[in-house]
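Note that the protein sequences, when read in sequence, are chains A and B.
Taken in order, the first sequence gives residues 400 to 716; the numbers are from the working numbering.
Taken in order, the second sequence gives residues 9 to 339; the numbers are from the working numbering.
No residue lacks a Cβ here, since even glycine has one placed at the ideal position from N, Cα and C.
Here the structure is a predicted model, which means the values were calculated and not measured.
Here is the structure we will look at.
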Amino acid sequence: MGLIAQAQDVVVKTEIDSSEIYIGDHTEYTVTIKQPSDISLKIPEYKDTLTGGIEIISQTVIDTLSEESGELVLKKKYTVTAFDSGYYHIPPYYLEYETGQGKKRYYSDYVLLKVKRVDITPPDSTDVIFDIIGPGKIGYSVGEILPWVLLVMFITIVSWLLYKYLPRRRKKEEVEGPPIPSEPIHIFIFRELDKLEKKKLWQNGKIKEYYSELTGILRYYIEIRYSIRALEMTSEEILEGMLKEQLDDELIKILRNLLQNADLSKFAKYKHDTETNESVMADTRHFVKLTYQEFETREAVNTGDEVNSDKKEVSDE
Amino acid sequence: MDLNVDIKELNEKIEKESGFVEAISLEVGKVIVGQKRLVESMLIGLLTDGHILLEGVPGLAKTLAIKTLASVIDAKFNRVQFTPDLLPADLLGTMIYSQKREDFLVKKGPLFANFILADEINRSPAKVQSALLEAMQERQITIGEETYKLDDPFLVMATQNPIEQEGTYPLPEAQVDRFMLKTVIDYPKINEEQLIMRQNLMGTYETVNAVVSIDQILSAQKAVREVYMDEKIEKYILDLVFATRYPEKYNLESLKPLISFGASPRGSINLGTAAKCYAFIKRRGYVVPEDVRAVVHDVLRHRIGITYEAEAENITSVDIINKIVNEIEVP
């Protein structure tokens with residue numbers, strides 16, 4: 400509380416909320432003037448500082464209150480701070496009044512303000528050297544975090560849309576083969592050949608159909624047995640594919656002969672003689688039989704089993 | 009289709025007529041190392057009256073190949089380098105005023121030859137390309153009021169460089185379709201290139217001899233048309249072409265979004281003709297599926313339009329043809 404400066408009927412009073420503050424803390428310095436309503440006082444204006452070291456952060460406008468006694472009470476508040484430690488004397492607040500015969504001045508008293516440092520040293524550790532205190536951490540505000548959250552959401556959405564709608568390299572489509580018979584392939588083929596023979600196509604002049612069906616059965620057998628797409632291959636391609644299977648020369652020779660005869664009949668309207676028509680059927684059966692046996696032998700070698708001689712005997716009739 | 013054709017007789021005839029093919033291959037092989045596909049394509053073009061669009065980087069012996077073929081046949085060869093400032097008259101010819109005769113004389117252009125190498129055809133604007141393509145189609149050229157028939161055989165081999173596309177005038181699909189074959193040639197194999205390098209370093213170039221007459225070629229062209237093509241092969245060709253138009257009907261639904269337009273009827277005709285010619289080159293009187301397979305890429309690759317989706321996935325027309333060929337059942 401500051402002292403009251405009084406002269407006749409004008410009273411100036413100053414007070415400070417807290418006489419001790421830490422460096423940088425705020426406190427309020429209040430000036431109260433009590434005066435008769437019929438006189439006009441000249442009130443000083445402070446802008447930045449009250450005195451050296453005491454800085455004004457903000458100040459209110461003068462608040463005027465009329466009392467029942469006819470006096471006026473003026474009140475002004477300053478929010479102040481200081482950034483150096485020590486004791487400060489805030490000088491008296493003074494008012495001037497022009498009487499017509501001269502000037503009259505009215506003063507408040509000094510106000511003392513103590514500005515303290517933050518005491519970080521424990522009382523019992525005067526000789527201890529402490530590390531420099533690191534910068535304090537301030538929590539993030541929503542305004543700081545929100546743009547990043549929105550950015551992550553945007554990238555996620557765009558990535559998802561790109562993934563969903565951009566054309567991608569197609570995965571290798573699985574090649575669909577013909578249906579596999581439930582019984583062993585060689586049995587199935589022999590049955591198909593029997594059916595073809597019973598149709599008596601070449602005997603009825605349908606030589607082209609006979610060779611087409613015969614090679615169709617043969618191609619199907621090769622496709623299932625060797626997993627070669629024989630149905631979509633030309634004769635030369637089939638032979639190339641079979642060479643890669645490392646078949647016996649005899650088998651390759653039989654197959655080449657079969658396919659060539661069939662091509663001649665299918666594409667060149669060539670009319671083979673009876674002997675050839677009969678021999679191609681026998682050759683096809685022989686080819687299936689031999690390749691079946693070879694396949695079984697290979698399988699047995701791979702699995703380490705003995706080749707069953709009974710199983711090996713397959714009738715081509 | 010003549011159902012009474014005697015295949016034995018036809019085979020003998022074709023064997024006799026195609027005897028020169030080996031001689032041509034041997035002579036061309038003296039100068040051109042490797043490039044078997046290029047030589048085969050040239051022979052197909054020559055024997056079917058078709059024209060060839062050739063794509064390959066510079067330096068793959070394109071000019072040398074056609075020049076050698078012209079020498080082997082003893083035919084006239086001209087090479088035209090297409091440039092942006094070339095004019096139709098530079099190709100076809102023009103009328104020149106002769107002060108001595110006090111009259112206009114016809115100055116025939118380089119298209120008046122048996123073999124034309126139109127080098128980098130896409131470097132010239134559309135009007136020049138059209139002039140060439142019209143001459144290819146009509147086999148005649150009109151200068152002033154006079155129309156001149158072009159000599160037989162007339163083979164145009166146009167080249168396109170797959171690189172450096174800036175400042176070029178790509179041929180429109182309708183005009184590309186007029187080329188019977190589009191052949192893509194690649195670099196030679198390492199052993200072939202070694203041989204080429206040796207020949208050039210030693211400077212010993214073999215001279216080629218004219219082993220075939222133009223009359224023989226014209227007669228062979230007739231023989232090619234006589235090569236027997238069975239209905240099964242015709243059906244196979246049609247299946248291949250129709251699969252480019254309606255892939256969904258051939259269990260190839262996945263191709264539908266990749267194809268913007270399929271091969272035209274000209275594609276079917278050319279595929280049949282080229283397959284016949286390939287059988288002739290192989291000295292056979294009838295066509296087998298191998299012949300179709302051998303030429304299908306060159307005949308169809310420029311006749312299938314691919315969509316942006318296919319481009320985005322780096323799928324080419326050749327990939328589409330491969331897929332079709334692998335799916336369509338061979339007769």
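Is residue 147(B) near the ligand HEM, in the sense that its beta carbon is under 7 angstroms from a heavy atom of that ligand? Among the ligands in the structure shown, none appear at all, so the ligand HEM cannot be discussed.
Classify residue 132(B) as buried or exposed, calling it buried when 16 or more other Cβ atoms lie within 10 Å of its own Cβ. buried
Cα separation between residue 59(B) and residue 606(A)? 39 angstroms
Going by the CB atoms, is the gap between residue 417(A) and residue 511(A) shorter than 8 angstroms? Going by C-beta atoms, residue 511(A) is not nearer than 8 angstroms to residue 417(A).
For a quick check, are the C-beta atoms of residue 82(B) and residue 227(B) less than 8 angstroms apart? no
Within the 8 angstroms Cβ cut-off, does residue 628(A) reach chain B? Yes, residue 628(A) lies at the interface with chain B (some Cβ there is under 8 angstroms from its Cβ).
Would you kindly report the start and end of the unbroken alpha helix (DSSP H) that includes residue 50(B)? From DSSP, the alpha helix (DSSP H) with residue 50(B) extends over 44-56.
When the distance is taken between beta carbons, is residue 614(A) closer than 8 angstroms to residue 735(A)? With chain A covering 400 to 716 only, the question about residue 735(A) has no answer from this structure.
Rounded C-beta distance between residue 492(A) and residue 514(A)? I'm assuming under 8 angstroms. Not a contact, Cβ separation roughly 20 angstroms.
Closest to residue 302(B) by C-alpha separation, out of 309(B), 316(B), 317(B) and 283(B), would be which residue? It is 283(B).
Hey, how far is the Cα of residue 550(A) from the Cα of residue 45(B)? 57 angstroms
Residue 103(B), DSSP secondary structure in three states: Strand, per DSSP.
Contacts of residue 669(A) in chain B (Cβ-Cβ under 7 angstroms): 15
Based on DSSP bridge pairs, tell me the residues matched to residue 123(B). Answer by DSSP bridge pairing, in chain order: 85(B) and 163(B).
Note down, in chain order, each residue of its chain lying with its Cβ closer than 7 angstroms to the Cβ of residue 251(B), except the 5 sequence neighbours on either side. 258, 260, 332 and 336
For the stretch 663-690 of chain A, list every residue whose C-beta sits within 7 angstroms of some C-beta in chain B, in sequence order. 665, 666, 667, 668 and 669
Compare the C-beta of residue 303(B) against all C-beta atoms of chain A and say whether one is closer than 8 angstroms. no
Anything in the stretch 315-335 of chain B with a Cβ closer than 7 angstroms to a Cβ of chain A? List those residues in chain order, please. Going along the stretch 315-335 of chain B in chain order, one finds 317, 320, 321, 334 and 335 with a Cβ nearer than 7 angstroms to chain A.
If you drop the 5 nearest sequence neighbours on each side, which residues of the same chain put their C-beta closer than 7 angstroms to that of residue 130(B)? 168, 176, 177, 178 and 179
Anyone know if the C-beta pair for residue 53(B) and residue 163(B) falls short of 8 angstroms? yes
Tell me whether the stretch 317-331 of chain B and the stretch 261-276 of chain B touch, counting them as touching only if at least three CB pairs, one residue from each stretch, are closer than 8 angstroms. yes
Check each residue of the stretch 582-607 of chain A: if its Cβ is closer than 9 angstroms to any Cβ of chain B, include it; give the result in chain order. 607
How would you label residue 150(B), buried or exposed, when you count the other beta carbons within 10 angstroms and need 16 or more for buried? exposed
Considering only the alpha carbon of each residue, which of 456(A), 424(A) and 463(A) lies closest to residue 440(A)? 463(A)
Cβ-based neighbour list, residue 461(A), same chain, cut-off 8 angstroms, excluding 5 preceding and 5 following: 442, 473, 474 and 475
Contacts of residue 632(A) in chain B (Cβ-Cβ under 7 angstroms): From the beta-carbon of residue 632(A), the residues of chain B found nearer than 7 angstroms are 338.
Contacting residues, own chain, Cβ-Cβ under 8 angstroms from residue 616(A) (five flanking each side not counted): 588, 591, 592, 595 and 683
Kindly identify the DSSP beta-bridge partner or partners of residue 95(B). Residue 95(B) pairs with nothing; no bridge assigned.
Residue 718(A), DSSP secondary structure in three states: No answer is possible for residue 718(A): the residues shown for chain A start at 400 and end at 716.
For a minimum of 4 consecutive residues, which ranges assigned as the alpha helix (DSSP H) are wholly contained in the stretch 566-635 of chain A? 584-598 and 606-625
Quick one: is residue 612(A) near chain B, going by C-beta distance under 8 angstroms? no
Does the stretch 27-41 of chain B touch the stretch 66-79 of chain B, meaning 3 or more C-beta pairs lie closer than 8 angstroms? yes
By the DSSP assignment, the beta strand (DSSP E) with residue 454(A) in it spans what residues? Under the DSSP assignment, residue 454(A) falls in the beta strand (DSSP E) whose first and last residues are 453-458.
Beta strand (DSSP E) segment containing residue 480(A), residue limits: 470-480
Which of helix, strand or coil DSSP assigns to residue 529(A): coil
Would you identify the three-state DSSP class for residue 268(B), choosing helix, strand or coil? strand
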